[in-house]
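**Q**
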Amino acid sequence: MYQYTPFDRQFVHLRAEQFRDQLERNLSGRLSDEEFRPLRLQNGWYVQRYAPMLRVAVPYGELSSKQLRTLATIARQYDRPDPALFESAQHTQNQIDAQSRVKHHPHPVKAPSLTQGYAHFTTRQNVQYNWIALSDAADVMDLLASADMHGIQTSGNCIRNITSDELAGVAPDEIADPRPFGEILRQWSTLHPEFAFLPRKFKIAISGAKEDRAATAWHDVGLFLQHNAAGELGFQVLVGGGMGRTPITGVVIREFLPWSQIINYLEAVVRVYNRWGRRDNIYKARIKILVKAERVKFTQEVEEEFTRILHDDAGPHTVPQSELDRVSRCFVAPPLGEPVRLADAAALQALQADPAYRRWLHQNVVLHKNPHLRAVTLSFKRLGQAPGDATPEQLERSADLVERFSSGEARVTHSQNLLLPWVHEESLPALYLEAKALGLAQGNIGLLSDMIACPGGDYCALANARSIPLAAHISERYQDLDELEDLGPIDLHISGCINSCGHHHSGHIGILGVDKDGQEWYQVTLGGSDGSHLSGAATPGRVVGPSFSVHEVLDVIEAVLAHYVAKREHQESFIDAFKRIGFESFKEVANQARLAPAPSTAASTPQI
Amino acid sequence: MNLLHPTPPLPTLASEWPGVSQAPRHEGRAEQRVLIVDNTVDPSILKDHLAGVERIELQFPKFTDGRAYSQAVMLRRRCGFLGDIRATGDVLIDQVVQMQRTGFTSAVLREDQNVQHAQKLLTQFAGFYQGDALESAPLFSRH
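Chains as they are written, first to last, in this note's numbering: chain U, 434 to 1041; chain C, 11 to 153.
#1: Could you tell me the distance, in whole angstroms, from the CA atom of A740(U) to the CA atom of A870(U)?
#2: Helix, strand or coil: which one does DSSP assign to Q1040(U)?
#3: Can you check which of these residues, A604(U), H625(U), S568(U), is closest to R593(U) by C-alpha distance?
#4: Three Cβ pairs or more, each shorter than 8 Å: is that satisfied between the segment 628 to 636 of chain U and the segment 879 to 891 of chain U?
#5: Mind pulling the chain U residues with CB within less than 7 Å of A147(C)?
#6: Quick one, which residues of the segment 819 to 835 of chain U are near chain C if we go by CB-CB under 9 Å, in chain order?
#7: Looking only at its chain, what residues have a beta carbon closer than 6 Å to the beta carbon of Q558(U), apart from the 5 residues adjacent to it on each side?
#8: Is the Cβ-Cβ distance between S588(U) and L447(U) less than 7 Å?
#9: Under 8 Å by Cβ, that's how I've got V118(C) and V101(C) pegged, so tell me the actual separation to the nearest angstrom.
#10: Note down, in chain order, each residue of its chain lying with its Cβ closer than 6 Å to the Cβ of L456(U), except the 5 sequence neighbours on either side.
#11: Taking buried to mean at least 16 other C-beta atoms within 10 Å of its own C-beta, is H857(U) buried or exposed?
#12: If N563(U) sits next to P888(U), beta carbons under 8 Å apart, how far is it from one beta carbon to the other, in whole angstroms?
#13: Determine the closest residue to S640(U) out of G921(U), R619(U), E599(U), G664(U), with distance taken between C-alpha atoms.
#14: I need the DSSP call for A97(C), collapsed to helix, strand or coil.
#15: Starting from W621(U), find everything on chain C with Cβ-Cβ shorter than 8 Å and list it in chain order.
#16: For the segment 113 to 135 of chain C, which residues have a CB atom closer than 9 Å to at least one CB atom of chain U, in sequence order?
#17: Closest to S31(C) by CA distance: which of M11(C), L13(C), I66(C), T98(C) is it?
#18: Of all Cβ atoms in chain U, is any one closer than 7 Å to the Cβ of V69(C)?
#19: Quick one: what's got a C-beta closer than 8 Å to S25(C)'s C-beta in the same chain, skipping five residues either side?
#20: Could you have a look at L576(U) and say whether DSSP puts it in helix, strand or coil?
#21: Are the segment 642 to 661 of chain U and the segment 606 to 620 of chain U in contact at 8 Å, needing three or more beta carbon pairs?
#22: With distances taken from CA atoms, which of P19(C), R86(C), S116(C) is nearest Q129(C)?
#23: What residue range does the alpha helix (DSSP H) around Q451(U) cover?
#24: With H, G and I counted as helix, E and B as strand and the rest as coil, what does DSSP make of P471(U)?
#25: Ignore the nearest five residues each way along the sequence and tell me which others in V947(U)'s own chain have a CB closer than 6 Å to its CB.
#26: Residues of the segment 621 to 641 of chain U with a CB closer than 9 Å to any CB of chain B: list them in chain order, please.
#27: Contact criterion: CB-CB distance below 7 Å. Does L743(U) meet it with respect to chain C?
#28: For a contact meaning CB atoms closer than 7 Å, what does L1044(U) contact in chain C?
#29: May I ask you to report which of helix, strand or coil DSSP gives E627(U)?
#30: According to DSSP, is K479(U) helix, strand or coil?
#31: Going by DSSP, which residues form a beta bridge with W954(U)?
#32: So who's on the other strand from E562(U), going by DSSP bridges?
#33: Considering only residues of the segment 787 to 873 of chain U, which uninterrupted alpha helix (DSSP H) runs meet the minimum length of 4 residues and lie entirely inside it, listed in chain order?
#34: Straight-line CA distance for A650(U) to A642(U)?
#35: Measuring only between beta-carbons, confirm whether P862(U) sits less than 7 Å from chain C.
#36: Helix or strand or just coil, what does DSSP make of G655(U)?
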């Protein structure tokens, strides 16, 4: 993984120092909340429902075991709200829960309690905390800097942390490793003086493999590494993807861009956006709206600006081979440790006959560039904990596994799990047993219970409805791994509001929290795709109809899945069956699961 | 970077370009001019008309509106403008580094801002990754 240079290290420390000064001025009343807001956001600090939220940048998802331990320390020491605050928050959530319950429902369900002292993996491969006091914020940034980490540009109207393929550098279907380019772009975009106050947030994803594991087309800029006819490496450039209120997938504005020009070209894209992106309406400010309205003109202007950067400015950010080589050297395969074998032959034999182990091998273990290695996903989707949540102990024990089994390196995945990219094939039995002991060996990766969910209305001030209770109901209902395996791969995505942090638009089954008359309701969409081979070209799902109550959602999911099971042909996956049978048929089934009509009030306006 | 306290606005006249007004400079030679440019204007239209212009004022109607940063870059890099580029409007001390790096040479800070603190912030970072108006080469190309 990338190794910080002395410059990089000094830079994050100076950034932490800068933030401390801003924070102190804010806390002493010399910097207003409004003026502090974009500064704290660009360091990852939100103000949430009850407490601030910190989003830590994990460039392209890559973490060392040491960094995992630092993240655990932060969870243990700082994700600790004042007891009175925590109690009052729980009281408020209990009231919301009581209000949202449908009277006389045959299966009343209670929401899980709020939790504290943990970290949360996000869909953009970052890590979040929900309870750190703002007065501790500067100390936390120092601690992060001591482990070569930061929260730079994880929020705000700037170029955000860049995401990539969780299997970058290890995938057998890889064309080129996207991480060196991710790092080169991270450095370019970090504290870029011209692009710190864009009309709206700006997200970049890079995919370097045949399979798109980064939801690339859903980003403001999506980059696909590829070779041209002459065998040269470059990017196909997509612009204008995004979720939110207007879900749109990106369009290709450049079929082939030589890799050395990536910064110059993106400078042109962002400059044109900075000039023309709308600032009068926050809902129309993303680049997707500009590209949708003026695609031809936009593309032409980007190309003209790119030409001027090359010719008038002499392309100062053309990436030399020497810089790519320098950065790439950080991403060579790490030295591999010895395989960890199970000493007990009888235990090994028993394990090999164990269906749960075989399922884990099938679902959680994937092939590797190196035929002797495998990439293994630890599942953070389990009963009793919210999707993607990790306690300090789980993080530290995971760090132990990362050190013993994966050369000290892990990846946060887009689906909110932790992947070990460098595992000896011979170590799998031992790793399984240890992961199982930690409760992280559910063989459910890619299945229904491996759902994506945002923190929702339990923590987030933007949310219209809670995500975690719904995720808990679904996890509880779908515990039977035989049933899950029979249902096959299904992307279930839950967002607590239209900002779409839970990527509901791209789920085969998408669930969106909406607020009607102060109560929580859920809109269901079907047939969305993140752009993977399984799901087909990236596309938003279609809305089934008026929103459902929290209890109905489970019935809707059951009805939709029963319909699939009844109608599927051969080994057809849910999404393939959906495409063959059609939306209307599933929509009808979903609507039959309705208990009572939802109030007709329009969904309330989300705030950002 | 010249950090200034607010002064009364200059009397301005319309120019031949929409969004651009001009003012004669009070002191100095009579032919020297000041252009005041809205942040919606493409500064490249001024490229051939900058002879005799001593200062260009770019505007921040709100500190979160970042269009003038790109305008300053364009004026330096594309128009070859060597005079003073001044930030006006909602100019806060936490943005002066960005202003300096995009080519501004002076900034009229909002009345309540602390000039001494702003001076300190200008030198806080030892360096940056990307090229800018002060140093066109990015870190990876500097020798």
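Using N, Cα and C, we set each Cβ at its ideal position, and we do this for glycine too.
**A** With the structure as the only source:
#1: The sequence given here places Thr at residue 740(U); Ala does not occur at that position. C-alpha of T740(U) to C-alpha of A870(U): approximately 58 Å in a straight line.
#2: Annotation note: pLDDT 39 at Q1040(U) (below 50); position unreliable, coordinate value reported separately. Q1040(U): coil per DSSP, three-state reduction.
#3: H625(U)
#4: no
#5: Taking a Cβ-Cβ cut-off of 7 Å, the neighbours of A147(C) in chain U comprise P749, given in sequence order.
#6: none
#7: V491, G494, T596, V845
#8: no
#9: 6 Å
#10: A570, A571
#11: By the 10 Å Cβ count, H857(U) comes out buried.
#12: 7 Å
#13: E599(U)
#14: strand
#15: Y139, Q140, P148
#16: Cβ contacts with chain U: N124, H127, K130, L131, Q134, F135.
#17: I66(C)
#18: Correcting the residue identity first, residue 69(C) is Gln in this sequence and not Val. Not one beta carbon of chain U lies nearer than 7 Å to the beta carbon of Q69(C).
#19: Only residues of its own chain outside the window of five on either side were considered, and among them S31, Q32, L45 have a CB closer than 8 Å to the CB of S25(C), listed in chain order.
#20: Reduced to three states, the DSSP call for L576(U) is helix.
#21: yes
#22: When only C-alpha atoms are compared, the closest one is S116(C).
#23: 439 to 460
#24: helix
#25: Excluding positions up to five away in sequence, the list reads N897, W954, Q956, S980, A1036.
#26: This model lacks chain B altogether; the protein chains it does include are U and C.
#27: no
#28: Since the displayed chain U opens at 434 and closes at 1041, residue 1044(U) lies outside it and no answer follows.
#29: coil
#30: The sequence shown places Tyr at residue 479(U), rather than the Lys named in the question. Strand at Y479(U).
#31: According to DSSP, which records beta bridges pairwise, W954(U) is partnered with V947(U).
#32: Correcting the residue type first, residue 562(U) is Tyr in the shown sequence and not Glu. L487(U).
#33: 788 to 797, 825 to 838, 861 to 870
#34: 14 Å
#35: Under the 7 Å criterion on CB atoms, P862(U) is classed as non-interfacial with respect to chain C.
#36: In the structure shown, G655(U) sits in a strand (DSSP, three-state: E or B).
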